[in-house]
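The listed protein sequences derive, respectively, from chains A and B.
Under our numbering, residues 3 to 548 are what the first sequence spells out, in order.
Under our numbering, residues 3 to 548 are what the second sequence spells out, in order.
Below is one structure, written out as structure tokens; comments come after it.
There are 2 protein chains.
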Amino acid sequence: MKIALSQLNYHIGNFSDNKRKIIREIQKAEKAGADLVVFAELAISGYPPRDFLEFEDFVKKCNAAIDEIANHCTKTAAIIGTPVFNPNSKGKPLYNAAAFLWEGKVQKHFFKTLLPNYDIFDEYRYFEPNRQFEVLTFKGFKIAVNICEDLWNVTENPLYTINPMDEVIGMNPDFIINIAASPFNYHQIDIRTDVLRRNATKYHLPLFYVNHVGAQTELLFDGGSLVMGSNGEILDEMAYFEEDFRVYHFNDILQGKVIRGVTNHRTVIAMIHDALVMGIQNYFKKLGFGKAILGLSGGIDSAVTAVLAAKALGNKNVYNVLLPSRFSSDHSITDAQNLAENVAMPYDIIEIEKPFRAFEDTLKPFFRDLPFDVTEENLQARIRGVLLMALSNKFGYILLNTSNKSEAAVGYGTLYGDMNGGLSVLGDVYKTRVFELAHYINRESEIIPENIITKPPSAELRPGQKDTDSLPDYESLDEILYQYIERRQGPKEIIEMGFDEKLVRRILKMVNTNEYKRYQTPPILRVSSKAFGMGRRMPIVAKYLS
Amino acid sequence: MKIALSQLNYHIGNFSDNKRKIIREIQKAEKAGADLVVFAELAISGYPPRDFLEFEDFVKKCNAAIDEIANHCTKTAAIIGTPVFNPNSKGKPLYNAAAFLWEGKVQKHFFKTLLPNYDIFDEYRYFEPNRQFEVLTFKGFKIAVNICEDLWNVTENPLYTINPMDEVIGMNPDFIINIAASPFNYHQIDIRTDVLRRNATKYHLPLFYVNHVGAQTELLFDGGSLVMGSNGEILDEMAYFEEDFRVYHFNDILQGKVIRGVTNHRTVIAMIHDALVMGIQNYFKKLGFGKAILGLSGGIDSAVTAVLAAKALGNKNVYNVLLPSRFSSDHSITDAQNLAENVAMPYDIIEIEKPFRAFEDTLKPFFRDLPFDVTEENLQARIRGVLLMALSNKFGYILLNTSNKSEAAVGYGTLYGDMNGGLSVLGDVYKTRVFELAHYINRESEIIPENIITKPPSAELRPGQKDTDSLPDYESLDEILYQYIERRQGPKEIIEMGFDEKLVRRILKMVNTNEYKRYQTPPILRVSSKAFGMGRRMPIVAKYLS
Numbered sequence: 003m004k005i006a007l008s009q010l011n012y013h014i015g016n017f018s019d020n021k022r023k024i025i026r027e028i029q030k031a032e033k034a035g036a037d038l039v040v041f042a043e044l045a046i047s048g049y050p051p052r053d054f055l056e057f058e059d060f061v062k063k064c065n066a067a068i069d070e071i072a073n074h075c076t077k078t079a080a081i082i083g084t085p086v087f088n089p090n091s092k093g094k095p096l097y098n099a100a101a102f103l104w105e106g107k108v109q110k111h112f113f114k115t116l117l118p119n120y121d122i123f124d125e126y127r128y129f130e131p132n133r134q135f136e137v138l139t140f141k142g143f144k145i146a147v148n149i150c151e152d153l154w155n156v157t158e159n160p161l162y163t164i165n166p167m168d169e170v171i172g173m174n175p176d177f178i179i180n181i182a183a184s185p186f187n188y189h190q191i192d193i194r195t196d197v198l199r200r201n202a203t204k205y206h207l208p209l210f211y212v213n214h215v216g217a218q219t220e221l222l223f224d225g226g227s228l229v230m231g232s233n234g235e236i237l238d239e240m241a242y243f244e245e246d247f248r249v250y251h252f253n254d255i256l257q258g259k260v261i262r263g264v265t266n267h268r269t270v271i272a273m274i275h276d277a278l279v280m281g282i283q284n285y286f287k288k289l290g291f292g293k294a295i296l297g298l299s300g301g302i303d304s305a306v307t308a309v310l311a312a313k314a315l316g317n318k319n320v321y322n323v324l325l326p327s328r329f330s331s332d333h334s335i336t337d338a339q340n341l342a343e344n345v346a347m348p349y350d351i352i353e354i355e356k357p358f359r360a361f362e363d364t365l366k367p368f369f370r371d372l373p374f375d376v377t378e379e380n381l382q383a384r385i386r387g388v389l390l391m392a393l394s395n396k397f398g399y400i401l402l403n404t405s406n407k408s409e410a411a412v413g414y415g416t417l418y419g420d421m422n423g424g425l426s427v428l429g430d431v432y433k434t435r436v437f438e439l440a441h442y443i444n445r446e447s448e449i450i451p452e453n454i455i456t457k458p459p460s461a462e463l464r465p466g467q468k469d470t471d472s473l474p475d476y477e478s479l480d481e482i483l484y485q486y487i488e489r490r491q492g493p494k495e496i497i498e499m500g501f502d503e504k505l506v507r508r509i510l511k512m513v514n515t516n517e518y519k520r521y522q523t524p525p526i527l528r529v530s531s532k533a534f535g536m537g538r539r540m541p542i543v544a545k546y547l548s
Numbered sequence: 003m004k005i006a007l008s009q010l011n012y013h014i015g016n017f018s019d020n021k022r023k024i025i026r027e028i029q030k031a032e033k034a035g036a037d038l039v040v041f042a043e044l045a046i047s048g049y050p051p052r053d054f055l056e057f058e059d060f061v062k063k064c065n066a067a068i069d070e071i072a073n074h075c076t077k078t079a080a081i082i083g084t085p086v087f088n089p090n091s092k093g094k095p096l097y098n099a100a101a102f103l104w105e106g107k108v109q110k111h112f113f114k115t116l117l118p119n120y121d122i123f124d125e126y127r128y129f130e131p132n133r134q135f136e137v138l139t140f141k142g143f144k145i146a147v148n149i150c151e152d153l154w155n156v157t158e159n160p161l162y163t164i165n166p167m168d169e170v171i172g173m174n175p176d177f178i179i180n181i182a183a184s185p186f187n188y189h190q191i192d193i194r195t196d197v198l199r200r201n202a203t204k205y206h207l208p209l210f211y212v213n214h215v216g217a218q219t220e221l222l223f224d225g226g227s228l229v230m231g232s233n234g235e236i237l238d239e240m241a242y243f244e245e246d247f248r249v250y251h252f253n254d255i256l257q258g259k260v261i262r263g264v265t266n267h268r269t270v271i272a273m274i275h276d277a278l279v280m281g282i283q284n285y286f287k288k289l290g291f292g293k294a295i296l297g298l299s300g301g302i303d304s305a306v307t308a309v310l311a312a313k314a315l316g317n318k319n320v321y322n323v324l325l326p327s328r329f330s331s332d333h334s335i336t337d338a339q340n341l342a343e344n345v346a347m348p349y350d351i352i353e354i355e356k357p358f359r360a361f362e363d364t365l366k367p368f369f370r371d372l373p374f375d376v377t378e379e380n381l382q383a384r385i386r387g388v389l390l391m392a393l394s395n396k397f398g399y400i401l402l403n404t405s406n407k408s409e410a411a412v413g414y415g416t417l418y419g420d421m422n423g424g425l426s427v428l429g430d431v432y433k434t435r436v437f438e439l440a441h442y443i444n445r446e447s448e449i450i451p452e453n454i455i456t457k458p459p460s461a462e463l464r465p466g467q468k469d470t471d472s473l474p475d476y477e478s479l480d481e482i483l484y485q486y487i488e489r490r491q492g493p494k495e496i497i498e499m500g501f502d503e504k505l506v507r508r509i510l511k512m513v514n515t516n517e518y519k520r521y522q523t524p525p526i527l528r529v530s531s532k533a534f535g536m537g538r539r540m541p542i543v544a545k546y547l548s
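What follows is the structure, given as structure tokens:
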């Protein structure tokens with residue numbers, strides 16, 4: 003038997019495109035003599051379809067597309083993820099299914115048992131869990147077909163009280179097929195490999211694993227579909243961050259023959275870099291846009307954002323706007339110019355002094371002689387926001403947000419000012435890691451001018467301002483934030499790690515009192531195990547550590 | 003036996019306040035000779051605590067507060083909602099529990115079986131469902147204690163495959179106590195009463211029901227706790243939209259004695275009005291703010307928002323800013339002034355011409371001779387946004403957003419302009435209902451000038467502009483939106499209702515392509531069964547009906 007794996011980049015709700023791609027791959031598999039081609043979880047809809055699943059119309063369109071695809075599965079069979087209606091009168095209205103298509107029709111569905119409902123996952127919102135177990139019999143083989151989380155109940159304190167593989171192992175399957183939608187974070191590849199290995203070795207079965215690739219707004223799917231021998235060895239690993247298609251002889255896999263083995267040895271920072279580039283690229287392409295605009299301040303965050311955007315969209319398609327104020331230092335402008343020129347990106351310089359004066363004049367009768375304060379700082383950020391949005395509106399650019407995760411966490415940013423944008427590129431990257439990204443970008447030659455990396459960070463919204471005037475140093479800040487946000491440690495635990503109590507309490511309070519700002523920020527490309535946005539749901543009006 | 007019900011307004015995570023309030027009510031119950039006092043679901047934490055539940059520190063603080071409260075339950079027992087750790091090694095880490103406190107300690111926990119995980123609910127994200135059933139034996143009575151959704155599995159196509167009351171009815175309970183966190187929407191009171199009635203009559207048991215009251219950011223809890231006879235009759239109904247405390251002789255309830263019966267006959271529009279006023283009031287109070295600012299345009303949305311804010315915060319605490327542009331009509335200014343004077347709210351007039359000119363001048367070299375378009379319209383809205391935020395920053399006002407649900411749905415608004423605000427008051431109220439609210443406000447005297455209600459809606463961002471230039475008439479628009487948003491009907495179904503196909507497709511496309519705007523809007527006070535925000539989770543990058 004020959005089995006093909008197809009790792010595709012789907013577009014949520016774009017049935018014509020998803021269908022066309024899937025059919026093309028089925029034809030490719032047939033040409034290659036494959037008996038079976040496997041696609042990812044909820045491939046037909048794209049993942050996650052979210053509340054589109056509450057529309058009968060949407061689910062019917064998924065099913066119609068699957069029926070049409072089935073017509074193309076005459077010789078080569080296919081397994082494709084799709085939502086289906088729950089035929090029972092009790093329980094949630096849908097199942098998350100793997101449809102088995104062969105001989106021109108849908109032969110069978112396998113339903114997902116373990117429904118992730120944490121972090122960015124909401125599957126229990128839509129789906130009824132499976133409770134009936136069987137294997138797929140196909141051409142003399144028995145196949146354990148399951149879906150993503152179904153293999154994940156392997157830890158010591160499991161989240162679920164049932165383990166789907168335990169239910170089917172008595173039926174003596176020959177191998178496992180798992181179709182998945184497992185988004186990237188920089189820990190995820192190791193965790194995922196470990197989970198798959200535990201299954202292969204526990205049940206002594208070879209395993210075929212197909213993941214999504216591509217970005218869906220904030221979620222970045224890294225691909226990395228793989229084939230594992232029953233001893234847990236990775237026999238073949240598909241591409242990361244791009245589509246891929248491969249065909250395997252089952253006999254080779256059964257014998258544990260290493261095909262290409264592990265091919266992708268990459269550093270964390272290289273993975274984050276590639277994930278962000280893919281995230282920008284897919285966001286623009288799937289929305290039908292090609293050009294980005296951003297405010298280039300001369301600081302490191304906008305510099306890194308601009309370079310990532312240039313890689314994603316092409317340097318000519320990233321329009322950089324330098325927006326100096328009366329408080330901007332000369333080096334900010336020249337540093338920003340040098341960067342734009344290094345990367346050959348278009349740029350303009352627009353002084354914000356005129357609108358700033360006009361606002362000062364207009365507000366003077368109301369502000370009277372009250373001193374310059376954060377109001378005037380915010381005013382500058384907001385004027386920049388207005389100018390960037392005006393250019394965006396007039397010429398059809400999407401504005402990229404350049405805030406990093408440290409700033410987003412403590413609310414060091416102006417709502418409707420520098421927090422604007424269609425997409426936040428670095429909102430899940432702590433400041434200390436933004437520096438790592440800059441060094442990675444410069445690994446072969448100086449793309450980001452050295453001065454941008456070495457000078458002390460400053461918002462330049464008042465004379466001589468530095469970030470450290472109002473924030474702790476980024477090393478401590480980021481470590482404390484990581485413990486609080488990614489690791490959900492409370493103040494007691496963090497203080498016990500040796501951090502200063504006052505500092506810990508101050509930082510946690512800043513995080514919690516700035517929830518209202520993060521509520522209104524753009525979607526953030528997710529690269530960590532806990533990003534701001536859909537995976538972190540906090541009350542705004544609350545009084546906890548605040 | 004005497005049973006007290008305590009309907010309180012909790013503050014999420016504010017353990018000292020919640021604890022103090024609960025202890026005060028226990029003392030009141032004891033003084034009144036009550037044997038038992040009942041509080042709402044997750045009372046100790048406030049509802050919904052959301053991802054605070056992922057912090058062990060948070061759950062430990064809930065338990066410490068409950069332990070402290072137990073010290074006060076010497077004579078009078080209490081039932082209080084709290085999260086507790088799941089002692090088993092498998093399953094989610096928490097239970098949603100009703101703690102029974104008596105003789106100075108926590109005697110027992112009852113766990114929630116049915117965990118709502120739809121719309122605004124995420125309970126399966128945190129809690130393991132209960133699977134063991136028992137009744138509470140107390141002073142010779144057997145009590146079926148359960149939590150909110152546990153009574154809700156009574157429809158013909160139930161969402162759940164188990165019914166907790168069926169599991170305990172064989173133990174012959176004498177009555178039911180249900181502690182709840184059931185947020186308001188304008189259908190909810192009827193639905194809730196019907197659900198409770200189905201339980202009382204199906205099991206022939208009296209029922210004590212305690213709900214939350216008060217607002218938690220966007221969620222509005224209306225209270226309306228009640229006591230029902232075993233024949234389904236409402237024997238007593240507690241206050242709506244305010245705290246309440248009452249004591250009942252169980253014998254009266256057993257005999258079906260009507261105490262006050264149904265006291266709250268209110269129209270839908272009166273309920274929405276009161277819910278919104280409570281929502282504004284609680285948002286400010288719980289955040290520690292007292293004063294609101296808003297842009298008063300002379301249109302109906304800002305007029306209604308201002309009046310609701312004045313009721314919530316006091317008329318002197320609502321600062322109205324009129325921000326005319328070169329396109330504003332004279333009547334806009336005089337209408338807005340008349341309103342501010344009718345309600346005796348402070349107001350100022352700030353012309354936006356100077357900053358508008360400054361932006362035009364600054365952008366001219368880049369825009370060259372490109373014609374006036376939506377860019378310049380947005381520019382005006384954004385200048386207003388900047389001015390309002392500057393005043394907000396300088397003086398510590400919270401900006402109220404004045405967009406209605408029809409606009410929010412089709413994206414008729416400027417991001418970082420009129421879509422700004424800390425809280426959206428009318429974002430879940432369709433335009434046609436905003437008119438109803440205005441009439442309701444004027445039911446006794448003309449508070450909102452008649453001209454504001456009768457003139458054709460206009461954004462006044464270009465000469466002679468009317469909403470109908472770019473939008474369908476609000477009657478049709480709102481009906482189609484209601485079918486799509488609240489009722490999740492697809493295009494086929496809506497067209498079959500008799501609406502014009504082109505219009506339906508155009509509106510649905512506007513809704514779906516503007517998801518990115520709604521992603522960045524403030525929290526919206528929820529009064530319908532489907533509000534934008536946490537209860538409606540849509541992909542941004544997608545291609546469905548768009």
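Note that the Cβ used here is the ideal one computed from N, Cα and C, for glycine as well.
Is there at least one Cβ from chain B nearer than 7 Å to residue i's Cβ?
i: A:V558; result: Residue coverage of chain A in this structure runs from 3 to 548, which leaves residue 558 of chain A outside it and unanswerable.
i: A:Q257; result: no
i: A:A277; result: no
i: A:T203; result: no
i: A:S91; result: yes
For residue i, which option in the options has the closest C-alpha, if you only look at C-alpha atoms?
i: B:L38; options: B:R52, B:G15, B:H74; result: B:H74
i: A:L116; options: A:V156, A:M273, A:F247; result: A:V156
i: B:L10; options: B:E56, B:H251, B:D53, B:I82; result: B:I82
Compute the Euclidean distance between the alpha carbons of residue i and residue j, then round it to the nearest angstrom.
i: B:E125; j: B:L278; result: 25 Å
i: B:I450; j: B:D303; result: 11 Å
i: B:V543; j: A:H275; result: 21 Å
i: B:V61; j: B:D471; result: 54 Å
Does DSSP put residue i in a helix, a strand or coil?
i: A:P85; result: strand
i: B:E239; result: strand
i: B:Q29; result: helix
i: B:F358; result: helix
Between residue i and chain A, is any beta-carbon pair separated by less than 7 Å?
i: B:L381; result: yes
i: B:A392; result: yes
i: B:M280; result: no
i: B:L483; result: no
i: B:I149; result: no
i: B:T115; result: no
Check the Cβ of residue i against every Cβ in chain A and list those closer than 7 Å, keeping chain order.
i: B:H13; result: K545
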